[in-house]
Amino acid sequence: MVQTDLLVIGGSAGGILAATMAKKAYGDIDVTVMRKTETVMVPCGIPYIYGTLKDSQKNRIPDAGLLDVGVNLVIDSAISIDREAKTVTTEKGETYQYKKLILATGSLPIVPTFIPGHDLENVFPVIKDEVYLNQVKEKIDASDNVIVIGGGFIGVEFAEQISLLGKNVTLIEMADACLWQAFDKSYTDDLEAKMRENGIRVMTGARVKQMHGDTAVESVELEDGTRLPADVVVLGLGVKPNGKLAAEAGLGMNAKGAVLVDQYTRTSDPSIFAVGDCAEKHCFFTGRDVPVLLASTAAMEAKIAGSNAFQLRLVRANKGTISTFSTKVFGKTYAAAGLTETRARQEGFTLMVGEYKTMDRHPGSLPDAQVVNIKLIFSKCSGIILGAQISGGNTVAEIINILSLAIQKGITATELNTFQTATHPLVSSSPISYPINAAAMNAIATNCKQLNEDLVI
Numbered sequence: 044m045v046q047t048d049l050l051v052i053g054g055s056a057g058g059i060l061a062a063t064m065a066k067k068a069y070g071d072i073d074v075t076v077m078r079k080t081e082t083v084m085v086p087c088g089i090p091y092i093y094g095t096l097k098d099s100q101k102n103r104i105p106d107a108g109l110l111d112v113g114v115n116l117v118i119d120s121a122i123s124i125d126r127e128a129k130t131v132t133t134e135k136g137e138t139y140q141y142k143k144l145i146l147a148t149g150s151l152p153i154v155p156t157f158i159p160g161h162d163l164e165n166v167f168p169v170i171k172d173e174v175y176l177n178q179v180k181e182k183i184d185a186s187d188n189v190i191v192i193g194g195g196f197i198g199v200e201f202a203e204q205i206s207l208l209g210k211n212v213t214l215i216e217m218a219d220a221c222l223w224q225a226f227d228k229s230y231t232d233d234l235e236a237k238m239r240e241n242g243i244r245v246m247t248g249a250r251v252k253q254m255h256g257d258t259a260v261e262s263v264e265l266e267d268g269t270r271l272p273a274d275v276v277v278l279g280l281g282v283k284p285n286g287k288l289a290a291e292a293g294l295g296m297n298a299k300g301a302v303l304v305d306q307y308t309r310t311s312d313p314s315i316f317a318v319g320d321c322a323e324k325h326c327f328f329t330g331r332d333v334p335v336l337l338a339s340t341a342a343m344e345a346k347i348a349g350s351n352a353f354q355l356r357l358v359r360a361n362k363g364t365i366s367t368f369s370t371k372v373f374g375k376t377y378a379a380a381g382l383t384e385t386r387a388r389q390e391g392f393t394l395m396v397g398e399y400k401t402m403d404r405h406p407g408s409l410p411d412a413q414v415v416n417i418k419l420i421f422s423k424c425s426g427i428i429l430g431a432q433i434s435g436g437n438t439v440a441e442i443i444n445i446l447s448l449a450i451q452k453g454i455t456a457t458e459l460n461t462f463q464t465a466t467h468p469l470v471s472s473s474p475i476s477y478p479i480n481a482a483a484m485n486a487i488a489t490n491c492k493q494l495n496e497d498l499v500i
């Protein structure tokens, strides 16, 4: 039997950060990470194996981050947990005894088993395993017609990257827009136009009825009768929590198969924590369950778990998932945080909204200057920011992180209008038209205009 102070099951973003955080917080404790694969992929980098990177090895997370701080790394699969004995049994027949256990078992791809033909050859869910992903790459490289089902982030990014190979790519999304959960219509329209301009056939409001073929997929049939030729189908339908190990151990689970946790990521067993995609997620604004499974969220939870594994040290507990996203499609970056205007109104908020368009350099005639569009959504009653959307050059990916923090801290429109910025012609927008300040100012101005209609001077 192997003894360890802290055992972390899962070696992707959540597992890595939980282990390294615990090692840094508690010093000389023995920390072991157990994962089932020899290598670990950067999860958000998987689509880029097929186009930009062209090589899965370039998308690996190095083990040095664990090994350099003294974390033990074990390649094996946990098959059962004995909570009373505080032991984990593995596929290779080993037994590990822990004092504390962190589950970071991640997620599994959603496979539409209700669609006939889902199990044909060359129909591929996105599995985070390098050997498997290379097999998918071989099939895509040899194909002419590729269909991507699902217009979320992974579907959009796969479609873009595969199209760079010169393939005929069709993206099918059953909702009225791609990325509709993160962006309002003006942004999704712009994104879809960008994809169509670059040769991708985008079909929204479309449902797959069946996949046809003898042994391998040959075509995809939609509910309206349209038949699309297909050599390869990529299933980008999202993921679901991988909570099997936790459920079999008798831990509390929610209806969606995620592990129940408190604000410190503790499960129903005080010696076991759960982070990342396997753990339940709550909306930052409403407290309700949300199916937002992101590496960035896993990283935040992992730091909380690693810090608090043996003692509550990190005062900042997990107040909920803000849902902060960014992506880049054909040279344009799209980023969002918090509620969309549509979702905020559905939740019952009365809003004031500010939008602005500027350049990310000043003057805008500088080389490589790009247009930035920004939309900020505030509660009209409190002035607190609820959401943000932004598109443009690479700078917007960092601007959205500022806005995510603003949402987390309950910053108001007035504060965002007047916060002080560092600007420079070669790297940022002008201080006169810095996008966050300017959009907040427009939200305030619009609200004041409405108030002034009833004002008698």
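In the numbering used here, the protein residues as written are 44 to 500. Just so it is clear, CB atoms sit at the ideal spot from N, CA and C, and this is done for glycine as well. None of these values were measured; they are calculated from a predicted model.
Cα-Cα separation between residue i and residue j, rounded to whole angstroms
i, j, result
"Q413", "K67", "41 Å"
"I122", "E398", "52 Å"
"L429", "A202", "30 Å"
"Y175", "E137", "26 Å"
"V199", "T489", "34 Å"
"I52", "G293", "17 Å"
"L446", "I170", "32 Å"
"T340", "G319", "7 Å"
"T385", "F421", "13 Å"
"H467", "H405", "8 Å"
"F316", "A348", "7 Å"
"Y91", "S425", "42 Å"
"H161", "I104", "31 Å"
"E81", "L96", "20 Å"
"V245", "T213", "6 Å"
"T393", "T329", "15 Å"
"T47", "Y69", "14 Å"
"D71", "E266", "60 Å"
"G149", "F327", "21 Å"
"L303", "V470", "44 Å"
"E264", "L271", "6 Å"
Cβ distance (whole Å) where residue i is taken to contact residue j below 8 Å
i, j, result
"I487", "A456", "5 Å"
"P284", "G300", "5 Å"
"D403", "S472", "6 Å"
"T367", "E344", "Not a contact, Cβ separation roughly 14 Å."
"V439", "T376", "5 Å"
"A556", "I454", "The structure shown does not extend to residue 556, since the chain is modelled only from 44 to 500, so the question has no answer here."
"A147", "C321", "7 Å"
"G194", "E216", "3 Å"
Residue i classed as buried or exposed, judged by whether at least 16 other C-beta atoms fall within 10 angstroms
i, result
"R250", "exposed"
"L409", "exposed"
"E181", "exposed"
"K210", "buried"
"K362", "exposed"
"Q432", "buried"
"D305", "exposed"
"D111", "exposed"
"N177", "exposed"
"M44", "exposed"
"A62", "buried"
"I417", "buried"
"Q389", "exposed"
Extent of the continuous alpha helix (DSSP H) to which residue i belongs
i, result
"G58", "56-69"
"N444", "438-452"
"E264", "Note, E264: premise wrong, no alpha helix (DSSP H); beta strand (DSSP E) at 262-265."
"T231", "228-240"
"I205", "196-206"
"G136", "Here G136 belongs to no alpha helix (DSSP H), and DSSP marks it neither H nor E."
DSSP bridge partner residues for residue i (one or two, in chain order)
i, result
"N211", "N188"
"G430", "G381, I420"
"I145", "V51, F316"
"T329", "In DSSP, T329 forms no bridge with anything."
"G248", "None, per the DSSP bridge assignment."
"V470", "According to DSSP, V470 bridges with nothing at all."
"S150", "P284"
"L271", "V263"
"G435", "T376"
"E216", "T247"
Residue span of the beta strand (DSSP E) that contains residue i, given as start and end
i, result
"K346", "Note, K346: premise wrong, no beta strand (DSSP E); alpha helix (DSSP H) at 338-351."
"Q463", "Careful: Q463 lies outside any beta strand (DSSP E) and carries neither H nor E."
"L278", "275-278"
"L116", "115-118"
"K371", "367-372"
"A107", "Premise fails: A107 lies in the alpha helix (DSSP H), 107-110, not in any beta strand (DSSP E)."
"G397", "394-402"
"P168", "166-168"
"R25", "The question about residue 25 has no answer, for the chain in this structure spans 44 to 500."
"A121", "121-125"
is_contact[residue i, chain B] using C-beta, thresh 7 Å
i, result
"Q178", "You won't find chain B in this structure, because it holds only one protein chain."
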